[in-house]
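Residue 502 in this note's numbering is what sits at position 502 of the sequence shown, and the numbering runs on without skipping anything.
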Amino acid sequence: MRKFAALATALSLAPSASALAEENSGAPEIEASIEAESHSHTASRPGAKPAEHKPAPAIRLPGFAAVLANDAPIEDDSGWHITPEADAWQAIARSTTDTRQKARWSYARSLIGKGRAAEAYGVLVAMTQDDPDLSLVPAHSLARGAALVALNRHQEALDALSTEQLAENAEACAWRLRALAALELNAEAVKEWTCARPAIFSRVAGSRTPFLLAAAQAALQQEKPGSAIQILKPVSDIDAAANLIRGRAFFQLGSEQEGRLRLGRAAENGAPEQRLDARVSLLEELVTHGHAKPREVAFELDRICYSWRGGPLERRVLKLRFSLAKKARDDRAMLATGAALLRYHPMSGDSGMLLSLLQDKLAAILSPGSKIPLAEAAGLFWDYRDLSPSGAGGDLLVSRLADRLQAAGLYERAAGLLDYQLMARARDVAQGPLSVRVAKLYILAEKADEALRALRATDDNIYPDPMLWARLRIEAVALHKLGRTDEALAVLDGVPEGDVIRDEIEWGRRNWKALSASDNLPTATGGLLSEVEQTIILRRAVALAMLGRESELASLRTRYARAFAGQTASAPFDLLTAPVEGLDSANVTQAMAAMPAASPAGDIADLLVGEPRRTKRASS
């Protein structure tokens, strides 16, 4: 076992390439020794059977990762040694299994030095696939981070560069500074400057510029305009990117004339995006320092929005438009620009504060005391519904708005709002009561097909019996409104109060035979009858009269004559229960017109009527 222990120690110490070669040459002897030792131990045990021969598991020896870990660290631009393209390809083509990773590494570094980040990253990934341990080597992590920064994959780059071994590495600090500045982690970026300086200034003038720009931008955002100007001193006075930062820095220092001059230079000799950036920067500074007319700025920003979409520039334009809208107390413009910021530029650090502000504005617009017309308020909510608060607060907001729409007779608008809540926000059992309300509103809007869809779409949940029955009652109404009355009546079988709804449906379609067979008559106690009880009895009398069942009418009269005495509906009762020969269609029509308005089916009856809740709507 001594040889095995020695091998394990050697592996942990990451030997050099020559040592690896020697160790590999002796590997068969080591494996043979381990096998022989195992056999001797087995044979020494009393009663042990001879062990079957099994090959020893393969031991993965350190690959190129161990070699690279022992190389000198990359601490400045010289680490990206540029190799002629032909030489690099020739080295890879002639490489063997043992030398391929070294050739790849040389090529990857050269590609980073040439600024060909995408190709470099591809080579680095291929190396890691062949040797996963490379991900643990600081030099490889640094190369990967540098390539990712150049590819604008800044968060991934920061992950690669933020290892403990690279914390004080100047070259890593330089690339980390760029990544942090791009992510607008400006305070952290500024902290990297001292560490990064040696690596930055080891570069030739052109190569150091992107690092200086990142450092200056971070300093400017940290309200250190003097530092930003100082950092940019080595950069050419005609560099557009540098002048954009210089111009804003001079504005912050109170030198408006110098600021305008620098931004003007950027607008003259910059690329299209830089020229546009100069216009936006000037507007930002003029607004900040109160030297601009809001209307003129807003007009100019509108022109810019039509000519440019996406990226940090659009975000800055939207933030400036939002600031102007906030100062002008223009709630509609605040919602429009704020929503665009959150939807298309959600990664900014102030997103949480912005969302909270917009939610407050939306709640104010939807409140009963708002001066915005109800229909317009509902439209604004629909346009910005993704901004509504989550949880109970947002649900309450929508529910109150739906109440107002329903009271105004805007049933379909109310149903649409709650339908969104039902499908997008409500979960599990909570969908039960909401689905019933949505279905009712759709039925009131004469959209029974939508009511049925809302109910069927939430069928998968397990509801308590009372909620299940409530859903079935509404489903029956929807089916009846769609002309599928037989299905509706079948749905009501076994449902509490289903017989009352069944009678309401039969009354609506004048099915006298079914009504005469109903068993819903109230008990005759001799006391006063409620309006609902009077309606039930009178409907039975109408059915019997239309069928000519005189004996049953007489029985009904005997049973309830005392209870109807002195009641408002006593006249139609007397008329309907009189001898059949004295009845005609006119008398029956007169009696039906004098019947109480109360329905045994309650609110369900309103859903079954062709003109829903007209009286109640007029009084609201």
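All C-beta atoms, glycine included, are put in the ideal place defined by N, C-alpha and C.
Since this is a predicted model, take the numbers as computed values, not measurements.
Neighbour-count burial assignment, residue i, 16 or more Cβ in a 10 Å radius
i    : result
S555 : exposed
K371 : exposed
K440 : buried
A242 : buried
A298 : buried
P272 : exposed
G310 : exposed
G259 : buried
D606 : buried
K361 : buried
G252 : In the sequence as presented, Gly is not what sits at residue 252; that position holds Gln. Burial call: buried.
A593 : exposed
Q257 : exposed
Option nearest residue i by Cα separation, candidates the options
i    : options                : result
A205 : A189, P225, K233       : K233
N152 : P312, L410, A267       : P312
V609 : N520, E504, R557, I536 : E504
A392 : A430, I365, A182       : A430
A598 : D419, R539, D574       : R539
P346 : K361, R316, A457       : R316
L576 : R549, A66, A601        : R549
D465 : S255, R260, E258, G432 : G432
L185 : P210, W105, A218       : A218
D237 : R562, L263, G254, S227 : L263
P596 : T568, L177, T589       : T568
W382 : P368, G369, A363       : A363
R178 : E164, A199, Q165       : A199
L374 : A402, D395, L358       : A402
R640 : K114, V67, W80         : Residue 640 falls outside the range modelled here, since the chain spans only 1 to 620, and no answer is possible.
I631 : L410, T458, R425, W512 : In this structure the chain extends from 1 to 620, so residue 631 is not present and cannot be described.
R453 : Y463, V436, M467       : V436
D239 : A278, S106, A160       : A278
V621 : R557, Y560, L607, A545 : The chain is shown only over 1 to 620; residue 621 falls outside these bounds and no answer can be derived.
L142 : T163, R559, E300, A561 : T163
R427 : I462, L417, A407, A408 : I462
L355 : R329, F322, G63, A378  : F322
E446 : A478, V125, S551       : A478
Same chain, Cβ closer than 7 angstroms to residue i, neighbours up to 5 away in sequence not counted
i    : result
D603 : none
Residues near residue i by beta carbon distance below 6 angstroms, same chain, minus five either side
i    : result
Q421 : V398
H480 : A488, I505
A146 : I112, W175
A189 : L177, L180, A181, A218
L553 : L544, T577
Reduced DSSP category for residue i - H, G, I as helix; E, B as strand; rest coil
i    : result
A292 : coil
Q90  : helix
N243 : helix
N186 : helix
K371 : coil
Y442 : helix
V204 : coil
I474 : helix
A605 : helix
S323 : helix
Q165 : helix
A126 : helix
R116 : coil
E497 : coil
S388 : coil
I238 : coil
Proximity test, residue i beta-carbon vs the ligand MG heavy atom, cut-off 7 angstroms
i    : result
L318 : In the structure shown, the ligand MG is absent, as is every other ligand, since no ligand is present at all.
Limits of the alpha helix (DSSP H) - the one that residue i falls within
i    : result
N269 : 256-269
S585 : 585-593
E531 : 531-547
Y463 : Run containing Y463: none; DSSP gives neither H nor E here.
Q101 : 100-113
K513 : 512-517
T337 : 331-344
S356 : 351-366
R559 : 550-564
S227 : 225-231
V149 : 138-150
R453 : 448-456
T72  : In the sequence as displayed, the identity of residue 72 is Ala instead of Thr. Element bounds for A72: n/a, residue is neither H nor E.
G416 : 411-424
E487 : 485-491
Any chain D beta carbon closer than 8 angstroms to residue i
i    : result
K371 : No chain D appears in the structure shown, which is made up of a single protein chain.
Own chain residues within Cβ distance below 8 angstroms of residue i, not counting five before or after
i    : result
A58  : At A58, the pLDDT of 44 sits below 50, so the modelled position is not reliable; the number obtained from the coordinates is stated separately. So the list is empty, once near-sequence residues are dropped.
P600 : V500, D503, E504, N520, V532, T535, I536
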